[in-house]
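Colleague:
Okay, here's the thing in structure tokens:
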């Protein structure tokens, strides 16, 4: 069933879009990530113009995050205050990111930048995650493992402008969360991702937030940043395709519910190892595309689109 | 369909005043609507050749060189940047580009025989018939060898994606009078006027030509969405968000209901 996408200006099989949305939704339900980092490269692969893929990817992340955050709000595992600080950073970063995206498209380097960003971030995060989860798995298999220290004093705690975050049980400066938010905001605008895969480790390792509030808080702020990114892309470059988003979202929300059920049957450590492997796999795939000589050296871009 | 084509052609023949050899054509539809389920469209181009009555009468039919017909459908023109990748520090990246003005978004040439066999290069350059001439001729200046390389790459890519079509022997010419050709328009059409040129060719030169146009426009929901995306981008963005919010919330509510009930 072919569907004509009004903004991307191509016809795509609706079942393919539902499949992409559903598959990524399933993974995002299993692992508790937004899935933007998978959906944007897949859209490139189907032939959606990069600008449309990135902008529409951001819109899709809003939908996949909303059901997650609702569940976390019910369980009271969202630090609204921390989320708001991260969000302010995120909005600033996203504004910068949209400007950067326009600059790079004008220079013809947007694909390269997005690909490099993918390789770098996915590579680093995937490796760290794999290492961490393998260690955790090893530890859990030996019952008398040493416990992690509850509070570590790092350079983060010596910065000014301190604020109390009751839900997270933290008393730290607002500067690091603002910086983390900004960095993720830039990525959200340029890569069309929510940035959960960077936000979550940064919150645990840099800010020292307790693991149980991390996912909910990250999702909470991702909704606002990606919502803002969607509107900003719509206004500045008219590149959000509602028709495309609709099919991705329908596939995505159904897949996410299925994925959550599968996720409940697997052990947490196993899940994290699988997610880490998935992230590394995407990284290798994108990286190889940069290193192997492409069969067609030329590419066409329509000026003013 | 054939009956109608024949009748139309005969009507043309009887109504028009006598003149030198002439080509008269039409298209099966002047409008193509891009709606949600648009998956390409087949257009029938047809027409008739009106022979010069004197020539037809006095010349030996064995001697008379035969006619050929060339049909060109050209999509709206756009400015296009062609980028070339090169290896820098081990990574393949875009390094240089050539901007080509007014490149057709779609270009189909249907002929009775391979184009190079029926028209001379000079005729091609004058009337800008082949895709190559349509691009190079619109630049307003001669391209250097490097730029020609980029222009050729553009043609190669567009031919692969079936936006540029060379349909040799696709025009059926019946007794040097009636001609017809089916051209398949692809699913990824750009909105705008598609000029359709029909050339009557003999001895490598254009004897006569006829022009018409096909109008392609988005319709229904597609048109509404596209216009809103450009005219009211903020509202459009809000609608996109509303869909996302509603779908996300709706799905989780629905599944909770299903599981609990």
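Protein chains in written order, with the numbering used here: chain A, 343 to 647; chain B, 39 to 299.
Glycine residues also receive a C-beta, built at the ideal position from the N, C-alpha and C atoms.
All values derive from a computational prediction rather than experimental measurement.
Count the other CB atoms, across all protein chains shown, that sit within 10 Å of the CB of residue 402 of chain A; report buried if there are 16 or more and exposed otherwise.
Modeller: buried
Colleague: Given that a residue counts as buried once 16 or more other Cβ atoms are within 10 Å of its Cβ, and exposed if not, what is residue 289 of chain B?
Modeller: buried
Colleague: Tell me whether the beta-carbon of residue 633 of chain A lies closer than 8 Å to the beta-carbon of residue 132 of chain B.
Modeller: no
Colleague: Within its chain, find whatever has a CB closer than 6 Å to the CB of residue 413 of chain A; leave out the 5 residues flanking it on each side and keep chain order.
Modeller: Hits under 6 Å: none found.
Colleague: For residue 62 of chain B, go through chain A and note every residue whose CB falls closer than 8 Å to its CB, in chain order.
Modeller: What residue 62 of chain B touches in chain A: nothing, since even the nearest Cβ is about 34 Å away.
Colleague: If you drop the 5 nearest sequence neighbours on each side, which residues of the same chain put their C-beta closer than 6 Å to that of residue 353 of chain A?
Modeller: 344 and 346
Colleague: Can we say the region 247-262 of chain B touches the region 59-71 of chain B, given the rule of at least three CB pairs closer than 8 Å?
Modeller: Contact between the region 247-262 of chain B and the region 59-71 of chain B is present: 3 or more CB-CB pairs across the two stretches fall below 8 Å.
Colleague: Spatial neighbours of residue 163 of chain B within its chain, please: C-beta separation below 8 Å, excluding the five flanking residues on both sides.
Modeller: Within the same chain, Cβ atoms closer than 8 Å to the Cβ of residue 163 of chain B are found at 171 and 175, the five residues on either side in sequence being excluded.
Colleague: In the region 160-194 of chain B, which residues sit with their C-beta less than 8 Å from some C-beta in chain A, listed in chain order?
Modeller: 188, 191, 192 and 194
Colleague: For residue 614 of chain A, collect the residues of the same chain with a Cβ closer than 6 Å to its Cβ; drop the 5 residues on either side in sequence, then sort them by chain order.
Modeller: 475
Colleague: So does the region 592-603 of chain A actually touch the region 357-373 of chain A, counting three or more Cβ pairs closer than 8 Å?
Modeller: Touching, yes, given that three or more Cβ pairs across the two stretches are closer than 8 Å.
Colleague: Where does residue 489 of chain A sit, in a helix, a strand or coil, going by DSSP?
Modeller: With a pLDDT of 49 at residue 489 of chain A, under the threshold of 50, the predicted position of this residue should be treated as unreliable, and no value is reported.
Colleague: Determine the direct distance from the alpha carbon of residue 237 of chain B to that of residue 620 of chain A, and round the result to whole angstroms.
Modeller: 58 Å
Colleague: Whose Cβ in chain B lies nearer than 7 Å to the Cβ of residue 580 of chain A?
Modeller: The answer, in chain order, is 267, 268 and 271.
Colleague: Within its chain, find whatever has a CB closer than 7 Å to the CB of residue 380 of chain A; leave out the 5 residues flanking it on each side and keep chain order.
Modeller: 366, 369 and 624
Colleague: Look at residue 156 of chain B and residue 244 of chain B and say whether their C-beta atoms are less than 8 Å apart.
Modeller: no
Colleague: By DSSP, does residue 202 of chain B sit in helix, in strand, or in coil?
Modeller: strand
Colleague: The region 123-148 of chain B: which residues have C-beta closer than 7 Å to a C-beta of chain A, in chain order?
Modeller: 123, 128, 129, 130, 131, 132, 135 and 137
Colleague: Under 8 Å, do residue 420 of chain A and residue 562 of chain A count as touching if we go by C-beta distance?
Modeller: yes
Colleague: Is residue 85 of chain B helix, strand or coil by DSSP?
Modeller: strand
Colleague: Round the Cβ separation of residue 287 of chain B and residue 408 of chain A to the nearest angstrom and send it over; I've been treating them as touching at under 8 Å.
Modeller: 6 Å between Cβ atoms; contact.
Colleague: CB-CB under 7 Å to residue 488 of chain A, same chain, minus the five flanking residues each way: which ones, in chain order?
Modeller: Legend: pLDDT at residue 488 of chain A = 49, less than 50; position of this residue unreliable, no value from coordinates given.
Colleague: For residue 585 of chain A, go through chain B and note every residue whose CB falls closer than 9 Å to its CB, in chain order.
Modeller: 74, 259, 260 and 263
Colleague: Taking only beta-carbon positions, decide if residue 638 of chain A is within less than 8 Å of chain B.
Modeller: yes
Colleague: Measure the CB-CB distance between residue 195 of chain B and residue 642 of chain A and report whether it falls below 8 Å.
Modeller: yes
Colleague: Within the continuous beta strand (DSSP E) that includes residue 256 of chain B, where are the two ends?
Modeller: Here the beta strand (DSSP E) through residue 256 of chain B covers 243-256.
Colleague: Among the residues of its own chain, which have a CB less than 8 Å from the CB of residue 458 of chain A, if the five just before and after it don't count?
Modeller: Short of 8 Å from the beta carbon of residue 458 of chain A, and not among the five residues preceding or following it, lie these beta carbons of its own chain, in chain order: 632.
Colleague: Spell out whether any CB of chain A is found under 8 Å from the CB atom of residue 281 of chain B.
Modeller: yes
Colleague: Report buried or exposed for residue 636 of chain A, applying the criterion of at least 16 other Cβ atoms within 10 angstroms of its Cβ.
Modeller: exposed
Colleague: My output table needs one value for residue 524 of chain A: the three-state DSSP class, helix, strand or coil.
Modeller: helix
Colleague: Just to confirm the assignment: which complete beta strand (DSSP E) runs, minimum length 3, are found wholly within the region 578-647 of chain A?
Modeller: 640-644
Colleague: Taking C-beta pairs closer than 8 Å, name the residues in chain B that residue 290 of chain A reaches, listed in chain order.
Modeller: In the structure displayed, chain A extends from 343 to 647; residue 290 of chain A sits before or after that span and is not available.
Colleague: For residue 89 of chain B, count the other beta carbons within 10 Å of its own beta carbon; 16 or more makes it buried, fewer makes it exposed. Which is it?
Modeller: buried
Colleague: Have a look at B:95, B:80, B:77 and B:109 and flag the residue whose alpha-carbon is nearest the alpha-carbon of residue 86 of chain B.
Modeller: B:109
Colleague: I'd like to check one pair, residue 350 of chain A with residue 520 of chain A: are the Cβ atoms closer than 8 Å?
Modeller: no
Colleague: Considering only their Cβ atoms, is the gap separating residue 507 of chain A from residue 424 of chain A smaller than 8 Å?
Modeller: yes
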